[in-house]
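Mapping of the sequence shown onto this note's numbering: position 350 corresponds to residue 384, and the numbering continues sequentially without gaps.
Here a beta-carbon is modelled for each residue, glycine too, at the ideal position from N, C-alpha and C.
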Amino acid sequence: MIVLPFLFFSALTAFWWYKHRRLDVCVYMSGLYALTTLLAIVIVQMGVMGEGGVLYDNDTAEFNFVPTLLFCSCIGLCLLPFSMIYGRDIQQITIRAPWAVDLLSLMLIAVSFLNLYLVADSTMDILQGDLAQIRNDAYAGVESPAQLKAETMPFALKFFYYFNFSTILCIPIFFYNLCFRQKPWWFQALLAFASLSCPIAGIQVADRTELVYYGEMVIFCFLFFYRFIPTRTKWRLLVLSLPVVVAGVTYLVAVSQARFDTKDSSGSDVRAIQYAGQGYINFCYFYENGNFDYVASQREFPLINHFFFHEDSNADLREQRTGEQGFFISVFATFIGDLLLDITPIGMVVWVISFFMLTMLVIRRSHRDTWDLSEVLLLYLLAVVPIFGIFYYRFFFFTYTFIFILVLILLFFSFHKFSLK
35 MIVLPFLFFS ALTAFWWYKH RRLDVCVYMS GLYALTTLLA IVIVQMGVMG EGGVLYDNDT
95 AEFNFVPTLL FCSCIGLCLL PFSMIYGRDI QQITIRAPWA VDLLSLMLIA VSFLNLYLVA
155 DSTMDILQGD LAQIRNDAYA GVESPAQLKA ETMPFALKFF YYFNFSTILC IPIFFYNLCF
215 RQKPWWFQAL LAFASLSCPI AGIQVADRTE LVYYGEMVIF CFLFFYRFIP TRTKWRLLVL
275 SLPVVVAGVT YLVAVSQARF DTKDSSGSDV RAIQYAGQGY INFCYFYENG NFDYVASQRE
335 FPLINHFFFH EDSNADLREQ RTGEQGFFIS VFATFIGDLL LDITPIGMVV WVISFFMLTM
395 LVIRRSHRDT WDLSEVLLLY LLAVVPIFGI FYYRFFFFTY TFIFILVLIL LFFSFHKFSL
455 K
């Protein structure tokens, strides 16, 4: 049974590759799951379960048909709408409210400079310190130097900083300007810097996921805009991004070695395989061992829970949920694993069907040849769910949902006549 998800997503990837005749966004997304389910097989064959976040141990693992069917069908349904996007058929990406896009860009650049102000005087000390201890402190709820500094800011700036996660929108805006707008080089450079705001903030707690997530979404945007990027520009991007890639890989290796090489004999290489491949394994564990009498929707509906019930997904809630379930829940079980544990199997299926319908509403039809940038940004946010969902459900903080509000406002101005002169 362990090989079925790998066969399913490999077949899906091969089929879409053949049908689209190129590496489209759907091929990329299904390929991610083919890779992670392959690593699940490696974990089982190596006999390295029971550690590194893998809940099953080598003697008690069971991968039954029902959870396997749910895993493949639910994720497959979430990926299906993206198969209707044919990169070679896209002829035009319009911008109906350029003033609104520029205003949004300037706002995000301003947020990134606020983030720089918060992290500037502590980042180097953190990088030179004990990265493993810094990460353990973050898990224990110890505030980072940037968080302590942020508490001294006026309320207006604190609220403004809630939009730091929204700086991920700078990635598709950067690519759009590169392909369709003649923006000054310094403006593009500022957008590129702003897009790195979340990975830079993640250094404060020796976090790696923000950097991995950043790389995944850069690839998504590169594939979506690929046919519109001139060949010479592609080479320039490669050269200019090389220092960032080298610095990012160096950081990932340093954090991994600091956190894992001193803990056991398996080393960071095995831990990397365990992290990337544990999604299907832990999903099955959740299905077989989860206590579905306890329902907690704070991660799935963070904005509603924050403002109406004054509840947020935080360390205290995760500790409470761990006690209710009887096992450690802060592991990677893919985004549908989080849904399964939080809102029961039935709720998970309803959520997945709703996501499918919403994504279809945005894409509207297969072989679509014309998009507006506001629609591309909304599609980009929807793609975040399955792409970073190889680890967990991404939009679990109420501040993360602000990014949808920004895009919906942009969408409104794009399809209703309104201009600034």
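| field | Q126 - partner residues in DSSP beta bridges | value | To locate residue 126, count along the sequence shown from 1; it is residue 92. In the DSSP assignment, Q126 forms a beta bridge with T404.
| Taking Cβ to Cβ, would you say L373 is nearer than 8 Å to F317? | Taking the first residue of the sequence shown as 1, we reach residue 373 at position 339. Taking the first residue of the sequence shown as 1, we reach residue 317 at position 283. Contact: no.
| message | Using C-beta distances below 8 Å, list every residue in its chain close to Y196, excluding the 5 sequence neighbours before and after it, in chain order. | response | Stepping through the sequence shown from its first residue, residue 196 is reached at position 162. Cβ neighbours of Y196 beyond the five flanking positions: T433, F436.
| said: Spatial neighbours of Q418 within its chain, please: C-beta separation below 6 Å, excluding the five flanking residues on both sides. | reply: Start at 1 with the first residue of the sequence shown, and residue 418 comes out as number 384. What sits at residue 418 in the sequence shown is Val, not Gln. If we look at V418 and ignore the five residues flanking it on each side, its Cβ neighbours are R428.
| said: Tell me the DSSP secondary structure of E177 in three-state form. | reply: The residue labelled residue 177 in the question sits at position 143 within the sequence shown. Correct three-state label for E177: coil.
| message | Classify L445: buried if its beta carbon has 16 or more other beta carbons within 10 angstroms, exposed otherwise. | response | Within the sequence shown, residue 445 is the residue found at index 411, counting from 1. L445 should be labelled buried.
| field | Best match in W50, A68, C108 for proximity to F369 [C-alpha to C-alpha] | value | Position 335 of the sequence shown, counted from the start, is the residue given in the question as residue 369. It is C108.
| Integer-rounded CB distance, given that T47 should sit under 8 Å from A310 | For the purposes of this step, residue 310 is taken as residue 276 along the sequence shown, with counting starting at 1. For the purposes of this step, residue 47 is taken as residue 13 along the sequence shown, with counting starting at 1. About 16 Å; that fails the 8 Å criterion.
| query | Between the beta-carbon of V396 and the beta-carbon of L413, is there less than 8 Å? | reply | Along the sequence shown, read from residue 1 onward, the residue named residue 396 stands at position 362. Along the sequence shown, read from residue 1 onward, the residue named residue 413 stands at position 379. Yes; because the gap between Cβ atoms is below 8 Å, this pair is in contact.
| message | Extract the residue ranges of the beta strand (DSSP E) inside the segment 314–367, only unbroken runs of 3 or more that lie entirely within it. | response | Qualifying beta strand (DSSP E) stretches: none in this window.
| request: For P39, collect the residues of the same chain with a Cβ closer than 8 Å to its Cβ; drop the 5 residues on either side in sequence, then sort them by chain order. | output: Position 5 of the sequence shown, counted from the first residue, corresponds to residue 39. Excluding positions up to five away in sequence, the list reads Y67, T71, A74, T102, F105, C106, Y314.
| field | Cβ distance (whole Å) where C213 is taken to contact F262 below 8 Å | value | Counting from one through the sequence shown, the residue named residue 213 turns up at place 179. Counting from one through the sequence shown, the residue named residue 262 turns up at place 228. With a Cβ gap of about 4 Å, C213 and F262 count as contacting.
| task | Using beta-carbon positions only, say whether L407 and I127 come within less than 8 Å of one another. | result | Position 373 of the sequence shown, counted from the first residue, corresponds to residue 407. Position 93 of the sequence shown, counted from the first residue, corresponds to residue 127. Yes; because the gap between Cβ atoms is below 8 Å, this pair is in contact.
| By DSSP, does T296 sit in helix, in strand, or in coil? | To locate residue 296, count along the sequence shown from 1; it is residue 262. Only weak support is given to the placement of T296: the predicted model assigns it a pLDDT of 48, under 50, and the question is left unresolved by the model.
| query | Who are the Cβ neighbours of F390 in its own chain at under 8 Å, not counting the five residues just before and after it? | reply | Taking the sequence shown and counting its residues from 1, the one referred to as residue 390 is at position 356. Counting only Cβ-Cβ distances below 8 Å, and skipping sequence neighbours, we find L111, C112, L114, P115.
| message | Buried or exposed for G423, going by 16 or more other Cβ atoms inside 10 Å? | response | Taking the sequence shown and counting its residues from 1, the one referred to as residue 423 is at position 389. It counts as buried.
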